[in-house]
Amino acid sequence: MSTDDTTASEPTPDVARLESRVEELEAELAAVKDDVGDDPKKMVIIATKGTLDMAYPPLILASTAAAFGYDVTVFHTFWGLEILHEDHSSDLQLSAVGNPNMPMPNAIAALPGMDAMTTRMMRKRIADNDVATVEELIQMSLDTGVDLQACQMTIDLLDYDEDDFYDGVTTGVGAASAFQEMVEADIQLLV
Amino acid sequence: MNSDIDVSETLDVRGENCPMPVVKTKQAVDDIAEGETLEVLATDPGSMSDIGGWAESTADVELVDQQETAEGGETIFRHFVARVA
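Protein chains in written order, with the working numbering: chain A, 904 to 1094; chain B, 25 to 109.
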């Protein structure tokens, strides 16, 4: 009984110190919440492949994330550049070789003309199933504010010119800028 | 069309597949005013979960209703999305 009295009636200096510390932390937390609330979430995709099938995942995810209000960057490097190349993007190929999902053995898939045939079949399926073309997805990504970037080092390596890419594509960027964006991003994907 | 929902715009994405219905819905919602409702017509069955999930996780947007109707042998997925802010 006597102990109860002591704790209730005499707040020690420690309590006062803790109370002011709690206030400080609450203010800090509110500031952090403000910060988080202001910035849109961010996604960065590194697109490294240039085959017909591998062009789709980065573009579909990018435009979808943009619809969800995300700030999206797709950094295209190596064969991923083909997706952004104005003359090549409509002519991306699908290889039948080395793909165990193809209904033919590699020995047959490697025959001349098989890649072209596989690609033709895939394009027909894409059209029959109302799936958008690669060009449509690029246009939609640009329209929804996705930053499509073409890696400068691989532009030079593959002997491309900055004018080879769609209008709106960002050039003159490299690994450092991609890395910086990845550091700040909520989602980072390598495709 | 035989619905009581007051629609101010209609977006027709029949014949389009993932991700176009949800991406175009987002663009169309940006173009309507607060308090207005957008109707989306789609043939992509995936649009039911895509537009539903998108509306749920997008601020300022509310999913009013989703309907599935048969029209001329084709299934139409009808979505009603309101802009609430």
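Backbone N, C-alpha and C define an ideal beta-carbon position, used for all residues, glycine too.
Whole-Å CB distance - residue i paired with residue j, under 8 Å assumed
i	j	result
residue 1040 of chain A	residue 963 of chain A	7 Å
residue 109 of chain B	residue 33 of chain B	Residue 109 of chain B to residue 33 of chain B, Cβ: 17 Å. No contact.
residue 951 of chain A	residue 976 of chain A	About 15 Å; that fails the 8 Å criterion.
residue 1025 of chain A	residue 997 of chain A	5 Å
residue 65 of chain B	residue 38 of chain B	5 Å
residue 947 of chain A	residue 971 of chain A	Actually they are not in contact, since the Cβ atoms of residue 947 of chain A and residue 971 of chain A sit about 15 Å apart, beyond 8 Å.
residue 1067 of chain A	residue 988 of chain A	5 Å
residue 29 of chain B	residue 49 of chain B	Not a contact, Cβ separation roughly 16 Å.
residue 1057 of chain A	residue 984 of chain A	6 Å
residue 81 of chain B	residue 101 of chain B	Not confirmed; about 19 Å, so no contact.
Three-way DSSP call (helix, strand, coil) for residue i in this model
i	result
residue 80 of chain B	helix
residue 104 of chain B	strand
residue 983 of chain A	helix
residue 1090 of chain A	strand
residue 35 of chain B	strand
residue 996 of chain A	coil
residue 1034 of chain A	coil
residue 60 of chain B	coil
residue 120 of chain B	There is simply no residue 120 of chain B to check, as chain B begins at 25 and stops at 109 in what is shown.
residue 66 of chain B	strand
residue 49 of chain B	helix
residue 99 of chain B	strand
Continuous alpha helix (DSSP H) stretch holding residue i: start and end
i	result
residue 1082 of chain A	1078-1087
residue 960 of chain A	955-970
residue 1011 of chain A	1009-1012
One or two residues paired with residue i in a DSSP bridge
i	result
residue 991 of chain A	Residue 991 of chain A pairs with nothing; no bridge assigned.
residue 977 of chain A	A:948, A:1051
residue 1073 of chain A	A:1052
Run of the beta strand (DSSP E) containing residue i, from where it starts to where it stops
i	result
residue 91 of chain B	85-95
Check distances from the C-beta atoms of the segment 26-40 of chain B to those of chain A and list, in chain order, the residues that come in under 8 Å.
Listed by position along the chain: 39, 40.
The segment 1031-1051 of chain A: positions lying closer than 7 Å to chain B by Cβ
Answer set for the segment 1031-1051 of chain A: 1032, 1033, 1034, 1035, 1043, 1047.
Just by C-beta distance, which residues in the segment 1067-1090 of chain A are closer than 7 Å to chain B?
none
Contacting positions in the segment 72-88 of chain B - beta carbon closer than 7 Å to chain A:
78, 81, 82
Against chain B: residues of the segment 966-988 of chain A by CB proximity under 9 Å
966, 967, 969, 970, 971, 972
By the 9 Å beta-carbon criterion, what residues does the segment 42-59 of chain B contribute toward chain A?
Across the segment 42-59 of chain B, CB contacts with chain A closer than 9 Å involve 42, 43, 44, 46, 47, 48, 49, 50, 51, in sequence order along the chain.
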